[in-house]
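>
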Amino acid sequence: MIFGLLPRFTFSPGPILRWRLVLKSADWLVNSGGGSHFLDIGCGRGEYVVEIARRYPRLTRCLGMDRMGDDAVGSFLPVPAALRDRVRLIEATLSPEILEHGSLFDAVLCVDVLEHIASDTEFLAELAQVVRPGGRLLLHVPAAGQWHWLQSLNGEHLREIEDGTSEHVREGYTVQRIAAVLSQAGWLVVDVERTFHKGYTSLCDMDASLSRAGVWGRALRAMMLPATLVAAAIAAGLPAREGNGLLVQAVRA
Numbered sequence: 029m030i031f032g033l034l035p036r037f038t039f040s041p042g043p044i045l046r047w048r049l050v051l052k053s054a055d056w057l058v059n060s061g062g063g064s065h066f067l068d069i070g071c072g073r074g075e076y077v078v079e080i081a082r083r084y085p086r087l088t089r090c091l092g093m094d095r096m097g098d099d100a101v102g103s104f105l106p107v108p109a110a111l112r113d114r115v116r117l118i119e120a121t122l123s124p125e126i127l128e129h130g131s132l133f134d135a136v137l138c139v140d141v142l143e144h145i146a147s148d149t150e151f152l153a154e155l156a157q158v159v160r161p162g163g164r165l166l167l168h169v170p171a172a173g174q175w176h177w178l179q180s181l182n183g184e185h186l187r188e189i190e191d192g193t194s195e196h197v198r199e200g201y202t203v204q205r206i207a208a209v210l211s212q213a214g215w216l217v218v219d220v221e222r223t224f225h226k227g228y229t230s231l232c233d234m235d236a237s238l239s240r241a242g243v244w245g246r247a248l249r250a251m252m253l254p255a256t257l258v259a260a261a262i263a264a265g266l267p268a269r270e271g272n273g274l275l276v277q278a279v280r281a
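Position 245 of the sequence shown, counting from 1, maps to 273 under our numbering, and the rest follow consecutively.
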């Protein structure tokens, strides 16, 4: 992590905002809920696991899981020596076998994973089996009805889902749909917050356009990074009635 501001070296506004959103809710997820076992399911390279373990030394077990072969995220990050007795990053699928000595998890993080999974209710029900009653879940998913400043992006994602070229199996969720799926899977929704409002989504669209523009595009993205960090800090604390994402707090029933 770069001074706690970035999950990894990136110019992309999307990961930067999601990083802010997770850290903003980390106290609710980890500190307020009690317990000492933390799971990040679909952890990517493991940035969140390492940062959560660093921020909350009372956590005795921090596990990150992902199927790295299914993602273009590279390999897991090296775990700092000071955290190796508490942090593990493993390539695996969710199953009861991940439990050690029968211990359930107290807090679970799941960031932009559910839209990749066809059987989302089944996945969340399996996740509930490895979390203690009262354990907490912080979930981020894309919202249904995506809006984009760049007209070329409007509808593009839906077309990719329909023709099978997208990594996503659905565009996203309405508030009502994600609440229903969680309820069916054994979770109680505590709060749902909209994220990626139109102003910040416009910044993401601009960055996506620049990322395709070669060397000069990368240079402009680098120059924009300080402004992106400020925008992400504002967006993470800005309530929105509309947005392209949903941040959900839920409790194991």
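Glycine included, C-beta positions come from ideal geometry on N, C-alpha and C.
Does the Cβ-Cβ distance between A135 and F66 come in under 8 Å?
The answer is yes: Cβ separation under 8 Å.
> Grouping DSSP H, G and I as helix and E and B as strand, with all else coil, what is C71?
In the structure shown, C71 sits in coil (DSSP, three-state: anything other than H, G, I, E or B).
> For a minimum of 3 consecutive residues, which ranges assigned as the beta strand (DSSP E) are wholly contained in the segment 156-211?
If we require 3 residues or more, the beta strand (DSSP E) runs fully inside the segment 156-211 come out as 159-170.
> Applying the criterion that 16 or more other CB atoms from any shown protein chain within 10 Å of the CB defines a buried residue, is F31 buried or exposed?
Reliability of the predicted coordinates at F31 is poor, the pLDDT of 46 falling under 50, and no value is obtained from them.
> If distances are taken between C-alpha atoms only, which option among L238, L231, M252 and R269 comes closest to G42?
Among L238, L231, M252 and R269, the Cα nearest to that of G42 belongs to L231.
> G271 to E79, Cα distance in whole Å?
Their Cα atoms are separated by approximately 26 Å.
> Does the count of Cβ pairs from the segment 203-212 and the segment 232-241 closer than 8 Å reach three?
Contact fails: fewer than three Cβ-Cβ distances are below 8 Å.
> Rounded to whole angstroms, what's the CA-CA distance from A278 to D219? Just pull it up for me.
Distance between the alpha carbons of A278 and D219 is about 7 Å.
> Identify which residue in A156, L274 and H168 has its Cα closest to the Cα of V141.
Taking only the C-alpha atoms, the option nearest V141 is H168.
> Please state whether DSSP places R86 in a helix, a strand or coil.
Coil, per DSSP.
> With DSSP collapsed to three states, give me the class of F104.
Coil.
> Check each candidate in L165, G72 and E199 and name the one with the smallest Cα separation from S53.
Of L165, G72 and E199, the residue nearest in Cα terms is L165.
> How should E199 be labelled, buried or exposed, when 16 other C-beta atoms within 10 angstroms of its C-beta is the threshold for buried?
Its Cβ being crowded by 16 or more others within 10 Å, E199 is buried.
> I think D94 touches C71, with their Cβ atoms under 8 Å apart; what is that distance to the nearest whole Å?
Sure, about 5 Å apart at Cβ, within 8 Å.
> I'd like the list of long-range same chain contacts for A263, defined as Cβ closer than 7 Å, with 5 residues on each side in sequence excluded.
Closer than 7 Å at Cβ, skipping near neighbours: L45, H225 and Y228.
> Between the C-alpha atoms of R83 and G62, what's the straight-line distance to the nearest angstrom?
Whole-angstrom Cα-Cα distance: 15 Å.
> Assuming G163 and L132 are in contact, meaning their beta carbons sit under 8 Å apart, how far apart are those beta carbons, in whole angstroms?
Going by Cβ atoms, the distance from G163 to L132 rounds to 7 Å, so yes, they are a contact pair.
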